[in-house]
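Residue numbers (the numbering used here), protein chains in the order written: chain A, 163 to 480; chain B, 117 to 302; chain C, 62 to 485.
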Amino acid sequence: MRQDNFIWQRKDLLGTYDLSKEEILYLLDTAKSMEEVLERDVKKVPTLRGKSVVTLFYEPSTRTRTSFELAAKILSSDTINISVPSSSATKGETIFDTVKNIEAMSADCIIIRHNMSGVSEFIANQTRLAVVNAGDGSHEHPSQALLDLLTIRDYKGKIEGLKIAIVGDVLHSRVARSNLFALKKLNNTVNFVGPVTFVPQEFENLGAHVYHNLEEGLADVDVVMVLRLQKERMGRCFYPSEREYAGFFSINSSTIKYAKEDVIVMHPGPVNRGVEISSDLLDSKRSVVLDQVKRGVAVRMAILYSLLSGGRIEDSNK
Amino acid sequence: MSKRLKKEVLIFDEKAFQRVIHRIASEIIEKNPDLDNLVLIGIKKGGSYLKERLKKDIEDRESCSIYSGDIDITLYRDDISKIGYHPKIETTEIPINLDDKYVVLIDDVLFTGRTVRAAMDAIFDFGRPKRIQLAVMIDRGHRELPIQADYVGKVVPTSRKEIVEVYFKELQGKDCVILRDLNETR
Amino acid sequence: MKIVINNATIVTSSGVFRKNILVKDCIIDKISDDIFKEKGADLVINNRELLVFPGLMDIHTHLREPGFEYKEDIETGLTSAHYGGFVSVGVMANTNPVNDNSTVTHFMKCRAKQTGIPVELHPVAAITKGLEGENLTEMGELKEAGAIAFSDDGKAVKSSEIMRRAFEYAKTFNMTIFCHSEDSTLSREGQINEGEMSIMLGLKGIPREAEILGIYRDLTLAKLTGGTVHITHISTKEGVELVRKFKKEGVRVSCDTCPQYFTLTEKILMGYNTLAKINPPLRTESDRLAIIEGLKDGTIDIISSDHAPHHRDEKHCEFDRAAFGMIGLETMVPLCLELVRIGALDFNDLAEKLSRKPHKIFNLPTPKIKEGEEAVFTIIDPNYEWTVSEETLHSKSKNTPFLGKTLKGKAKYIIKGGKSFELF
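Laid out in structure tokens, this is it:
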């Protein structure tokens, strides 16, 4: 019997902006199948045996890197981690040379995180290796958005026609952008909520509704996604103090009441307990934060499976 | 032996289909007296439907409940980097640990043997069975690996330009087995 | 030396005519309605398609020597200007060492002469020492060494008080302050225009108000001091408005814009195109149209290139790290001709903006197409199509977003100093 065959055409996964609705759903469905492997005693399948995956992180991250590494290993590929402290990058090798060297060592895939926007696209155009964007500056973080969508779908039974509020420093958030692009492709309503310094009006051009207070921004939403308050921003006068920010924008057991009764609360992590989200809400049934993490490995397995198996794009006319 | 006069040949009609299932079920019972430790595992998708039919037949006859599961072999294929497309991954469901169990792997058609090899790799990730046997509806020849079936509905010699299709009532509305040319579309 | 130009369209201040020109040695001997049949002419040009302009000047270029010769040097820079059709260029001071003292000014002029390339190098010296914005340079001496104006371009002068003094002091020597107008506290760390593209690409934006506030400050100080101000590379519609307003009030202001601001918009930054990363940044379509309006109604006096060469490694990197700037000397002519093709300007306007005003505003002898005048012509073939590529560009660096594009129009001949040069 013939199986449904989807032809994944992309060499890289750089963001959700360019993904079609079909591609997004394909990745979510594939992730679902990968979840079963994670339930087994022997969490290993031979699918990507012999492939090498290099994680190249210019920004520190334990969570995302570990998640990708596990995903790669469960699929039987080999992983290498390269940590580049950003200070040495200014004096040493250019990112272009680093990537070319990795390519010369016959690796198959680079998973890159960088603090500057556009970097993953830049290197993807320079190399034949598959490039996975694990976060570029304030631009995109596609694997996070996909695992967020998967989590929402599991809890809400669907991923279309929902209302989602994203609260916090949207301006500097790649998680917010990737989620916005993906959610809009699937016909959802997205509210961005935060002080004007964090949520400028221009986001309306990208399809979001802009709100500057929780009562309006959370009204009737099915999902609240809370973003981390980054303390570096205080230095640039984006907000005066944690106390004030928490006072007006913290998601806690009283402010969550503005949303729907069965709202779920999400956070990409790491969490500042008591600041952008209250401890009691974080530990309550509404919070699905740990479930997000669980799905992260499955989603990243689906991404690596799509990019690294199925032969080269040139061979896909069989 | 069905003669090839038209482009499509009926190997089993509905009645023959059901008789074969009944016979294979009998043979399995005969060779596996310890039904408590028998596990029927279907290879998705065709094998799963066949497994369900065999399971029902055995359970009806012996008035007992038989363990069963399903395997999707997509992640274990040996040609995954060569086929140029991504097959949809179904879910594997093996509800029990397979240590010391008598496993009967079930598929609708046995061809090159690679699918069965992949299924066995998957099985070993779920435990160490005492024995694995293979049951198939049709053996169409052209083995590329040293794999053989213990229970066979029928051996049908085919050419590489032909395809054997097993239809199930639950899926396509009728039970039958058809041999046809690869180029003909239905 | 005799040069005959028959059947050409000449662009003069009294109009655009089909005429025939005879040049003897360095002087325009005769302009006639009849064809010249001179015997023994060294060069005879007979081509109805060609346009004879007075020699063109690009007042805003960066030639990077001394100090940054890996990007461009005076020789390659003047060669690029020559092939771009220019007979003189204004050269900015952000070299290393900075052109804030007469030694560097002399060096630049001598080096230019040494190369023998027929392009006059006119230094625009610094306003403040080291471009630090703290202490004024010795403007009197710099003028004597050949500086035609003063600018800290690359940067703006931060302190309004210092800028005021600069205007006043420059007035002593009848010199213009050439302003890169920007409020750098607003634009700090910005990468591209603040707006739709910056939000989508996740890049820090440069708000238009950085330029608007900068221009307003510089114009107000010019008004206060009675000084002469030239605002360079205007990119916003509000900037054009401000110049219009202050001109009406009688302030001695002139301004220029660059072809990128009337040809491109921020949309080409899609995909993180570092070749389009410039300061001021590319803006929106309504700005682009307002710039064209400003050129049409004369608010914008001059078109310059802001030729800013950068080495390949400085553009082939992460967007945030890429240097700001694009080259422009060789794409000026075809892009300016587009303005005529869309009906915004005529050839006479182009001559004003690319030749007469640049020379006049900086008190340089203005080339004229008139009998008895020195023969300094840029002869352009407006229909010649050519592709911008590493091979066709003469500057050392090739950082332009027009790479790969086919443009229409190129300078074919330069007549200067009694000599003729055929460029292609």
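Just so you know, even glycine gets a beta-carbon here, dropped at the ideal spot from N, CA and C. Please read all numbers here as calculations on a predicted model, not as lab measurements.
{"Item": "Taking beta-carbon pairs under 9 Å, can you tell me which members of the stretch 370 to 387 of chain C lie near chain A?", "Value": "D374, H377, C378, E379, F380, D381, R382"}
{"Item": "Strictly below 8 Å CB to CB, what residues from chain A border Y333/C?", "Value": "S279, G280, E283, F284"}
{"Item": "What number of angstroms, rounded off, separates the C-alpha of I441/C from the C-alpha of P342/C?", "Value": "30 Å"}
{"Item": "Which whole runs of the beta strand (DSSP E) in the stretch 132 to 159 of chain B are 3 residues long or more, in chain order?", "Value": "154 to 159"}
{"Item": "Can you have a look at T439/C and say buried or exposed, based on whether 16 or more other CB atoms are within 10 angstroms of its CB?", "Value": "buried"}
{"Item": "Cβ atoms of T345/C and F380/C: under 8 Å apart, would you say?", "Value": "no"}
{"Item": "Rounded to a whole number of angstroms, what is the C-alpha to C-alpha distance between G145/C and A472/C?", "Value": "6 Å"}
{"Item": "Mind listing the chain B neighbours of P208/A? Cutoff is C-beta to C-beta under 8 Å, in chain order.", "Value": "L191, Y192, D237"}
{"Item": "Beta-carbon separation of I361/C and F365/A under 8 Å?", "Value": "no"}
{"Item": "I want to see whether chain C comes within less than 8 Å of N350/A, judged by CB atoms only; does it?", "Value": "no"}
{"Item": "Taking the C-alpha atoms as reference points, what is the distance between V459/A and S142/B?", "Value": "44 Å"}
{"Item": "So if DSSP puts A251/B in a beta bridge, which residue, or which two residues, is it bridged to?", "Value": "I222/B, Y267/B"}
{"Item": "In chain order, what residues of the same chain lie with their CB nearer than 7 Å to the CB of A173/C, ignoring the 5 residues before and after it?", "Value": "I135, L139, L182"}
{"Item": "Any chance the stretch 293 to 305 of chain A sits against the stretch 259 to 279 of chain A, with 3 or more Cβ pairs inside 8 Å?", "Value": "yes"}
{"Item": "Are the Cβ atoms of D453/A and T313/A separated by less than 8 Å?", "Value": "yes"}
{"Item": "Determine the contact status of L391/A and V437/A, defining contact as a CB-CB distance below 8 Å.", "Value": "yes"}
{"Item": "How would you list, in chain order, the residues of chain B whose beta-carbon sits under 8 Å from the beta-carbon of V186/A?", "Value": "Reading the sequence as shown, one finds Ile at residue 186/A and not Val. Within 8 Å Cβ-Cβ: nothing; I186/A doesn't reach chain B, min ~15 Å."}
{"Item": "Report yes if the C-beta of T274/B is less than 7 Å from at least one heavy atom of the ligand NAD; otherwise report no.", "Value": "By its list of ligands, the structure shown contains no ligand whatsoever, and the ligand NAD lies outside what it can speak to."}
{"Item": "For C292/B, which option in T274/B, N299/B, E281/B has the closest C-alpha, if you only look at C-alpha atoms?", "Value": "E281/B"}
{"Item": "Does the beta-carbon of S220/C have 16 or more other beta-carbons within 10 angstroms, so that it is buried, or is it exposed?", "Value": "exposed"}
{"Item": "Going by the CB atoms, is the gap between V455/A and V425/A shorter than 8 Å?", "Value": "no"}
{"Item": "Taking only the alpha-carbon atoms, compute the straight-line gap between A307/A and H371/C and give it to the nearest angstrom.", "Value": "38 Å"}
{"Item": "Should the stretch 239 to 248 of chain A be called in touch with the stretch 213 to 231 of chain A, which here means at least 3 C-beta pairs below 8 Å?", "Value": "yes"}
{"Item": "Buried or exposed for T289/C, please, with buried defined as at least 16 other CB atoms from any protein chain shown within 10 angstroms of its CB.", "Value": "buried"}
{"Item": "To the nearest angstrom, how far is the alpha carbon of V65/C from that of G76/C?", "Value": "21 Å"}
{"Item": "By how many angstroms is the C-alpha of K393/A removed from the C-alpha of S249/A?", "Value": "Below a pLDDT of 50, predicted positions are generally treated as unreliable, and S249/A, at 48, falls in that range; the measurement from the model is reported next regardless. Answer to the nearest angstrom: the Cα atoms are 20 Å apart."}
{"Item": "Tell me which residues share the same chain as N341/A and place their Cβ nearer than 7 Å to its Cβ, disregarding the 5 neighbours each side in the sequence.", "Value": "A307, D310, I328, M387"}
{"Item": "What are the start and end residues of the beta strand (DSSP E) that includes D119/C?", "Value": "117 to 122"}
{"Item": "Suppose only complete runs of 3+ residues qualify. What are the beta strand (DSSP E) ranges in the stretch 254 to 306 of chain A, listed by chain order?", "Value": "271 to 276, 292 to 298"}
{"Item": "Give me the Cα-Cα distance between F240/B and Y165/B, rounded to the nearest whole angstrom.", "Value": "22 Å"}
{"Item": "So with CB distances below 8 Å, who are the chain C contacts of I257/A?", "Value": "C378, E379"}
{"Item": "Since L325/C meets chain A, which of its residues come closer than 8 Å, beta carbon to beta carbon?", "Value": "None at all; the shortest Cβ gap to chain A is about 19 Å."}
{"Item": "Between the stretch 361 to 390 of chain A and chain B, which residues of the former have CB atoms less than 9 Å from a CB of the latter, in chain order?", "Value": "none"}
{"Item": "Which residues in chain C have a C-beta closer than 7 Å to the C-beta of G299/A? List them in chain order.", "Value": "G263"}
{"Item": "Spatial neighbours of E434/C within its chain, please: C-beta separation below 8 Å, excluding the five flanking residues on both sides.", "Value": "I88, I89, P428"}
{"Item": "Drop a sphere of 10 angstroms on the beta-carbon of F485/C, count the other beta-carbons inside from all chains shown, and report buried for 16 or more, exposed for fewer.", "Value": "exposed"}
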